[in-house]
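For reference, the structure is listed below as structure tokens.
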Amino acid sequence: MAKVTVDENECTGCGICYNDECPEVFVEGSDGTSNLQEKYRKGNAHSGEIPDDKKDCAKKAEDACPVSAIKVE
Ligand code: SF4
């Protein structure tokens, strides 16, 4: 498992993570920011845990995010 968070204050809603790099983990939220897919959320829409087989994809999104809003650890 890996912990994933999206800083909603930094996220510009550009869509790179949820449209291009990793739609398996990220989805556009109602406010336009990136949310975690519902099944991976823990507590709120911007943080949660993903299985190991989704880690590479989430890491690609982390690297691609232009404002470094995604953290995968
Ligand atoms: S790539 Fe970064 S800025 Fe763009 S929607 Fe995803 S978290 Fe937000």
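With the first letter of the sequence shown counted as 1, position 57 gets the number 57 in my numbering; the numbers rise by one all the way through.
Even for Gly, the Cβ is constructed at its ideal location relative to N, Cα and C.
Own chain residues within Cβ distance below 6 Å of residue i, not counting five before or after
i: Gly-13; result: Gly-32 and Thr-33
i: Ala-69; result: Val-6, Asp-7, Glu-10 and Cys-11
i: Asn-35; result: Val-27, Gly-29 and Ala-45
i: Ser-47; result: Thr-5
Anticipated Cβ contact below 8 Å, residue i with residue j, distance rounded
i: Cys-22; j: Cys-65; result: 10 Å between Cβ atoms; not a contact.
i: Val-27; j: Lys-54; result: That belief does not hold up - the Cβ atoms of Val-27 and Lys-54 are roughly 13 Å apart, past 8 Å.
Closer than 8 Å: residue i CB and nearest the ligand SF4 heavy atom
i: Pro-66; result: yes
i: Ile-16; result: yes
i: Gly-13; result: yes
i: Thr-5; result: no
i: Ser-47; result: no
i: Ser-34; result: yes
Short CB-CB distance (under 9 Å) between residue i and chain C
i: Cys-14; result: The structure shown has no chain C; it contains just one protein chain.
Helix, strand or coil at residue i [DSSP, three-state]
i: Glu-93; result: With the chain represented from 1 up to 73, any question about residue 93 goes unanswered, as that position is not in the structure.
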